[in-house]
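Novice: Below is one structure. I have some questions about it.
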Amino acid sequence: MWQGLDVFLAVVEHGSFSKAANVLDVSTSYVSRQIQQLEQRLGTILIHRTTRTQNLTDSGREYAIKLKVIQQELVDATNHIQGIQRQPKGLIRISGAGDFVANSIAPIVAEFLKRYPEVSIEFDFNNRNIDLIEEGFDLAIRFGRLQDSNLIARKLCHRPMSLVASPEYIANTPIPIHPYELVNHNCLIAISNRWRFNITQQVEEIKVAGNWRSNNPHAILNACIQGLGIAHLAQDIVAESIASGRLIYLLPDFQVQDNATWLVYPRKDLMPYRVRLLIEFLLEHVN
1 MWQGLDVFLA VVEHGSFSKA ANVLDVSTSY VSRQIQQLEQ RLGTILIHRT TRTQNLTDSG
61 REYAIKLKVI QQELVDATNH IQGIQRQPKG LIRISGAGDF VANSIAPIVA EFLKRYPEVS
121 IEFDFNNRNI DLIEEGFDLA IRFGRLQDSN LIARKLCHRP MSLVASPEYI ANTPIPIHPY
181 ELVNHNCLIA ISNRWRFNIT QQVEEIKVAG NWRSNNPHAI LNACIQGLGI AHLAQDIVAE
241 SIASGRLIYL LPDFQVQDNA TWLVYPRKDL MPYRVRLLIE FLLEHVN
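In UniProt numbering, the protein residues as written are 1 to 287.
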């Protein structure tokens with residue numbers, strides 16, 4: 001009775017057989033076969049197929065609406081039972097990178113584990129932008145602006161950027177008074193060589209260049225302190241060096257304020273209770 005329903009709903013949600021197959025980690029032919037068998041059992045066509053598109057029929061649209069209601073009731077029932085159990089169990093896999101995650105996020109996750117000792121945590125510190133679904137991660141901690149609409153993103157904390165240089169560098173180089181002048185400076189590049197600034201009430205990207213590049217922000221920070229060039233880093237990373245006088249702020253009036261650290265996770269109808277608890281715990285305790 002239930003065979004093929006998850007495949008049908010995946011096609012409805014993702015808009016095509018191939019995308020549904022990718023999400024379900026099965027072949028497109030398997031998806032097609034499951035839909036065909038479901039239609040045969042129901043005695044009606046649910047999806048019109050052409051060589052390029054798949055569109056719901058009126059019957060398919062009505063069926064999908066009713067199935068989603070049933071699906072949500074199953075989610076509510078599962079969450080209720082798991083909540084009654086009170087003690088979450090099982091593995092949570094988290095992806096994150098950088099000292100902020102290690103020093104500010106990981107200790108909060110450790111507090112969560114002390115509260116729920118039957119949960120296991122696997123924390124993968126990797127700079128590459130992983131595919132959470134394909135690689136089996138429950139959550140990721142990411143910094144910057146997000147564009148992946150296939151994931152749910154919740155803001156953990158605001159992390160504005162700062163443009164900084166050492167007194168030594170500034171003593172030997174004219175101080176930039178506008179972001180456009182950065183093309184004349186040695187810029188220490190971390191994630192991207194396109195730095196964003198507020199210019200005449202609009203956000204513009206300035207392409208910069210330099211002789212030092214690293215995906216580790218503290219390597220950038222140390223190179224900047226040594227006078228190698230100008231760095232564009234999160235404010236919390238440079239704060240101590242600013243306070244000690246080893247670095248100074250540049251172009252503060254041009255800085256954008258939309259950078260943040262995000263909690264990112266796949267869209268899952270039946271999210272494990274332990275993962276949902278950790279999400280709420282992090283949103284409550286990270287500031």
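Ideal Cβ placement from N, Cα and C applies to all residues, glycine included. Remember, it's a predicted structure, so these values are computed and weren't measured experimentally.
Quick check: what's the CA-CA separation for residue 237 versus residue 10?
Specialist: Position 237 of the sequence shown, counting from 1, holds the residue named residue 237. Position 10 of the sequence shown, counting from 1, holds the residue named residue 10. Distance between the alpha carbons of residue 237 and residue 10: 42 Å.
Novice: Among residues of its own chain, excluding the 5 on either side of residue 163, which ones have a beta-carbon nearer than 6 Å to its beta-carbon?
Specialist: Walking along the sequence shown from the start, residue 163 turns up at place 163. Correct list, in chain order: 232, 250, 251.
Novice: At what residue ranges does the stretch 209-259 contain a whole run of the beta strand (DSSP E), taking only runs of 3 or more?
Specialist: As far as the stretch 209-259 is concerned, its whole beta strand (DSSP E) runs of at least 3 residues are 230-234, 248-250.
Novice: Take residue 160 and list the residues in its own chain whose beta-carbon comes closer than 7 Å to its own, dropping the five residues that flank it on each side.
Specialist: Taking the sequence shown and counting its residues from 1, the one referred to as residue 160 is at position 160. Around residue 160: 235, 255, 257, 259.
Novice: State yes or no: is the C-beta of residue 119 within less than 8 Å of the C-beta of residue 274?
Specialist: Here residue 119 is taken as the residue at index 119 of the sequence shown, counted from 1. Here residue 274 is taken as the residue at index 274 of the sequence shown, counted from 1. Yes, they are a contact pair.
Novice: If you draw a straight line from the C-alpha of residue 65 to the C-alpha of residue 111, how long is it?
Specialist: Here the question's residue 65 lines up with position 65 in the sequence shown. Here the question's residue 111 lines up with position 111 in the sequence shown. Each residue's Cα considered, the two are about 41 Å apart.
Novice: Is it true that the stretch 123-141 meets the stretch 163-178, where meeting means three or more beta-carbon pairs spaced less than 8 Å apart?
Specialist: No, because fewer than three Cβ pairs between the stretch 123-141 and the stretch 163-178 fall closer than 8 Å, the two stretches do not touch.
Novice: For residue 95, report the span of its beta strand (DSSP E) as first-last.
Specialist: By 1-based counting over the sequence shown, the position of residue 95 is 95. Run containing residue 95: 90-96, per the beta strand (DSSP E) assignment.
Novice: Restricting to runs no shorter than 4 residues, where is the alpha helix (DSSP H) found entirely within the stretch 3-30?
Specialist: Fully enclosed alpha helix (DSSP H) runs of 4 or longer: 5-14, 17-24.
Novice: Leaving out five residues on either side along the sequence, give the residues of the same chain with a beta carbon under 6 Å from the beta carbon of residue 101.
Specialist: Numbered from 1 along the sequence shown, position 101 holds the residue referred to as residue 101. So the list reads 141, once near-sequence residues are dropped.
Novice: Indicate the three-state DSSP secondary structure (helix, strand or coil) for residue 105 in the structure shown.
Specialist: Along the sequence shown, read from residue 1 onward, the residue named residue 105 stands at position 105. Residue state, collapsed to three classes: helix.
Novice: Quick one: what does DSSP say residue 137 is sitting in, helix, strand or coil?
Specialist: Numbered from its first residue, the sequence shown carries residue 137 at position 137. If DSSP states are grouped into helix, strand and coil, residue 137 belongs with coil.
Novice: Helix, strand or coil: how does DSSP classify residue 179 here?
Specialist: One-based indexing of the sequence shown puts residue 179 at position 179. The answer is helix: DSSP assigns residue 179 an H, G or I state.
Novice: How far does the beta strand (DSSP E) with residue 286 in it reach, from first residue to last?
Specialist: Translated into positions along the sequence shown, residue 286 becomes position 286. Counting along the chain, residue 286 falls outside any beta strand (DSSP E), and DSSP gives it neither H nor E.
Novice: How long is the line joining the alpha carbons of residue 221 and residue 242, rounded to whole angstroms?
Specialist: The residue you call residue 221 lines up with position 221 of the sequence shown. The residue you call residue 242 lines up with position 242 of the sequence shown. Taking the straight line joining both Cα atoms gives about 11 Å.
Novice: Note down, in chain order, each residue of its chain lying with its Cβ closer than 7 Å to the Cβ of residue 225, except the 5 sequence neighbours on either side.
Specialist: Position 225 of the sequence shown, counted from the start, is the residue given in the question as residue 225. Counting only Cβ-Cβ distances below 7 Å, and skipping sequence neighbours, we find 166, 241, 246, 247.
Novice: Where does residue 266 fall in DSSP's three states?
Specialist: Within the sequence shown, residue 266 is the residue found at index 266, counting from 1. Three-state DSSP puts residue 266 in a strand.
Novice: Strictly under 8 Å for the Cβ-Cβ distance: is residue 235 near chain D by that measure?
Specialist: Reference to chain D is not applicable here, since this structure consists of a single protein chain.
Novice: For residue 288, is the classification buried or exposed, using 16 other Cβ atoms within 10 angstroms of its Cβ as the cut-off for buried?
Specialist: The displayed coordinates of the chain run from 1 to 287. Any statement about residue 288 would go beyond what the structure contains.
Novice: Which value, in whole angstroms, describes the spacing of the CA atoms of residue 5 and residue 153?
Specialist: On the sequence shown, residue 5 is found 5 positions in, with the first residue counted as 1. On the sequence shown, residue 153 is found 153 positions in, with the first residue counted as 1. C-alpha separation (whole angstroms): 27 Å.
Novice: Determine the direct distance from the alpha carbon of residue 95 to that of residue 239, and round the result to whole angstroms.
Specialist: Position 239 of the sequence shown, counting from 1, holds the residue named residue 239. Position 95 of the sequence shown, counting from 1, holds the residue named residue 95. The alpha-carbon atoms of residue 239 and residue 95 are separated by roughly 26 Å.
Novice: Please classify residue 98 as buried or exposed, where buried requires at least 16 other C-beta atoms within 10 Å of its C-beta.
Specialist: Counted from its first residue, the sequence shown places residue 98 at position 98. Buried is the call here.
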